[in-house]
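Notes follow the structure.
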Amino acid sequence: MSFRITFIGAGSLTFTRTLLSDILANPEFADIDVVFHDIDERNLEMVTKVCQRDIEANGLNIKIKATLNRKEALEGAKYVINTARIGKLEGFETDVNIPLEYGVDQCVGDTLCAGGIMYGQRGVSAILDFCEDIKSCALPGALLLNYGNPNAMLTWAANKYGKVKTLGLCHGVQGGHAQIADALGIPKSELDYSCVGINHQTWYVKLSHNGVDVTGKVLEAYEKNEHLMATEKVRIDMLKRFGYYSTESNGHLSEYVSWYRKRPNEIKDWISMENWHNGESGGYLRVCREGREWFVTEFPKLMSDPPIKYGNRSSEHGSYIIEGLELGHVYRGHFNVMNNGTVTNLPDECVVEVPCYADKNGISVPKFGDLPLGCAAVCSQSIWVQRLAVEAAVAADIQLLRQAMMMDPLTGAVLNTPEICQMTDEMLIACEKWLPRWQKNGEIERAKKRIADAKANGTFIPTNKGYKGACHK
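In this text, residue positions in the sequence shown follow my numbering: the first is -7, and each later residue adds one.
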């Protein structure tokens, strides 16, 4: 069969190469049309070379079309896969470093907290532009598979305002499943589970082995594991307090709630420096910086390594969804979708991550019911931050943006309202080039004036320039 798949943000090698090899592992897809789009010509060219070499080594006749023109890339597409990082490393640095100067110490900063909120301002603006081009250039009913962060915010905006059918996809649920199975000493394939919540705050509400419920055995298993006790302190504490294990890494989770990173002298008590995702201050930014010149330093070596042999697929959902829709193979995965009553004690208008099915009938989303009350409360606080951030991005509304920052659990635990307003202005100014809606309504110029006036009249709140965080390498 033949149809077109377009990758937006194809210059992201790991995602693009993995997702493409997953799709092409199915021989039924040997004649599909593959298009890569990115705004970075160098990265696009190199990723295309790597992936084209893989295709040819596997005996397929597919010729990747690479283009810097998004509309051209989307022409006739049936599936669109978004992996773009809006603002690239330059924007990401502001998401982490400006809040850090104010004392908001993030490990990642791409989903919630001050960094995730501002990343969402850039991402929502971009994904709405993507949606306009999808509607005008792609096939009617084209499906957008969004891997971009902040996943829930972008998926929410694309569905509500972009009017394009969009699924948000993430591998956090699969990663946590593997970790729990290992802790319990059960083969991953034998551990059945249901995970419900919102992206990066999803809860393993049911775990069973050979029909026996083992949900209540998780805490004991973790407490017996010295390595997990040292590296997953936040997740284990949340498990103790709320009764269910949460999907996301220790470092990610620590910045989504108010309790673990608000006092610099206590952050070290909740994280491990073994790996950045265990909670290192600005850990993911450090890793991204170190890999900044990867294409220059490692690309020649990569091209001398053996190509990927298609066959073994990753745990990423994308290929299985396409396979289910096209071939009718029933696939059960956890997707990010508009709630619409699926989780009954979360708002109807929000994005939930829940068990779904993909097959010839389309995407089916079974009703779940109520989340355990404490888990729902944690998710609800984040959902209101997401909603405020999405509406702020669409309308370029400074009041809504400030409110999103104030309602964010960690940001609000660390800063008072004048500090939040000043930090928000600084972040807007730093991201000006990626915020066309905010430029158009003059809000960034007003932010510049507020900062200039505060510095001139002595009311500018001092910040800790150059601060690297409580726990950094």
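Every residue gets a Cβ at the ideal spot worked out from N, C-alpha and C, and that includes glycine. Given the structure is predicted, the values throughout are model-derived calculations rather than measurements.
(message) Less than 7 Å between the C-beta atoms of Q113 and A385, yes or no?
(response) Within the sequence shown, residue 113 is the residue found at index 121, counting from 1. Within the sequence shown, residue 385 is the residue found at index 393, counting from 1. Their beta carbons are under 7 Å apart, which means Q113 touches A385 by this criterion.
(request) Can you have a look at H219 and say buried or exposed, based on whether 16 or more other CB atoms are within 10 angstroms of its CB? (result) Here the question's residue 219 lines up with position 227 in the sequence shown. Residue environment analysis places H219 among the exposed positions, since fewer than 16 neighbouring C-beta atoms fall within 10 angstroms of its C-beta.
(message) Do T455 and E93 have their beta-carbon atoms positioned less than 7 Å apart in this structure?
(response) Position 101 of the sequence shown, counting from 1, holds the residue named residue 93. Position 463 of the sequence shown, counting from 1, holds the residue named residue 455. Cβ atoms of E93 and T455: closer than 7 Å.
(request) Please report how far the alpha carbon of V357 lies from the alpha carbon of P339, in whole angstroms. (result) The sequence position of residue 357 within the sequence shown is 365, counting from 1. The sequence position of residue 339 within the sequence shown is 347, counting from 1. Approximately 16 Å, taken between the alpha carbons.
(message) I'd like the list of long-range same chain contacts for L120, defined as Cβ closer than 7 Å, with 5 residues on each side in sequence excluded.
(response) Here residue 120 refers to the residue found at position 128 when the sequence shown is read from its first residue. Only A149, Y153 and G154 meet the Cβ criterion.
(message) If you reduce the DSSP assignment to three classes, tell me which class F452 lands in.
(response) Position 460 of the sequence shown holds residue 452. Three-state DSSP puts F452 in coil, outside helix and strand.
(message) Please state whether the Cβ-Cβ distance between T403 and C129 is less than 7 Å.
(response) In the sequence shown, the residue the question calls residue 403 occupies position 411. In the sequence shown, the residue the question calls residue 129 occupies position 137. Against a cut-off of 7 Å, the Cβ pair of C129 and T403 comes out as no contact.
(request) State the start and end residues of the unbroken beta strand (DSSP E) segment that holds S356. (result) Position 364 of the sequence shown, counting from 1, holds the residue named residue 356. That run of the beta strand (DSSP E) goes G354 to S356.
(message) Give me, in chain order, the residues of the same chain whose beta-carbon lies closer than 6 Å to that of T147; leave out the 5 immediate sequence neighbours on both sides.
(response) As a position in the sequence shown, residue 147 is number 155, starting the count at 1. Closer than 6 Å at Cβ, skipping near neighbours: N138, T158, G160, N328 and V343.
(message) Going by DSSP, what residue range makes up the beta strand (DSSP E) through F360?
(response) On the sequence shown, position 368 is the one that residue 360 refers to. That residue, F360, is in no beta strand (DSSP E); it is neither H nor E in DSSP.
(message) Check for me: the beta strand (DSSP E) holding C326 runs from which residue to which?
(response) Counting from 1 along the sequence shown, the entry for residue 326 is found at position 334. Inspection of the sequence shows that residue 326 is occupied by His rather than by Cys. Here the beta strand (DSSP E) through H326 covers Y323 to M330.
(message) Output needed for L416: all residues of its chain with C-beta closer than 7 Å, excluding positions within five of it in sequence on either side, in chain order.
(response) Numbered from 1 along the sequence shown, position 424 holds the residue referred to as residue 416. The question names Leu, but residue 416 is Thr in the sequence shown. Counting only Cβ-Cβ distances below 7 Å, and skipping sequence neighbours, we find L393, R394 and M397.
(message) Using only CA atoms, which one of E82, S238 and K57 lies nearest to A278?
(response) Along the sequence shown, read from residue 1 onward, the residue named residue 278 stands at position 286. For the sequence presented, residue 278 should be read as Arg rather than Ala. For R278, the closest of E82, S238 and K57 by C-alpha to C-alpha distance is E82.
(request) Kindly identify the DSSP beta-bridge partner or partners of F(-1). (result) By 1-based counting over the sequence shown, the position of residue -1 is 7. Answer is F28 and I73.
(request) Tell me whether Y196 sits in a helix, a strand or coil according to DSSP, three-state version. (result) The residue given as residue 196 occupies position 204 in the sequence shown. Y196 carries a strand assignment under DSSP once its states are collapsed to helix, strand and coil.
(request) Determine, using beta carbons only, whether I0 and V26 come nearer to each other than 7 Å. (result) As a first step, residue 0 must be located in the sequence shown, where it is residue number 8. As a first step, residue 26 must be located in the sequence shown, where it is residue number 34. No; because the gap between Cβ atoms is not below 7 Å, this pair is not in contact.
(request) Would you kindly work out how many angstroms separate the C-alpha atoms of G325 and E308, rounded to a whole number? (result) Your numbering for residue 325 matches position 333 in the sequence shown. Your numbering for residue 308 matches position 316 in the sequence shown. So the alpha carbons of these two residues sit roughly 10 Å apart.
(message) Output needed for K432: all residues of its chain with C-beta closer than 8 Å, excluding positions within five of it in sequence on either side, in chain order.
(response) The residue labelled residue 432 in the question sits at position 440 within the sequence shown. Excluding positions up to five away in sequence, the list reads A388.
(request) Pair every Cβ in the segment 298 to 308 with every Cβ in the segment 250 to 270, then say whether three or more of these pairs are closer than 8 Å. (result) no
(message) Only counting the same chain, and skipping five residues up and downstream in sequence, which positions put a Cβ closer than 7 Å to that of K457?
(response) Locating residue 457 in the sequence shown gives position 465, where the first residue counts as 1. Once the five neighbours on either side are set aside, the close Cβ partners of K457 are E93.
(message) Looking at T334: is its Cβ nearer than 7 Å to the Cβ of E266?
(response) Taking the sequence shown and counting its residues from 1, one reaches residue 334 at position 342. Taking the sequence shown and counting its residues from 1, one reaches residue 266 at position 274. No.
(request) Reducing DSSP to helix, strand and coil, say where A149 ends up. (result) What you label residue 149 is simply residue 157 of the sequence shown in a count that begins at 1. It is helical.
(request) Measure the beta-carbon distance from S246 to I263 and round it to whole angstroms, keeping in mind my assumption that it falls under 8 Å. (result) Taking the first residue of the sequence shown as position 1, residue 246 is located at position 254. Taking the first residue of the sequence shown as position 1, residue 263 is located at position 271. Indeed, because the Cβ distance is near 7 Å, the residues count as touching under 8 Å.
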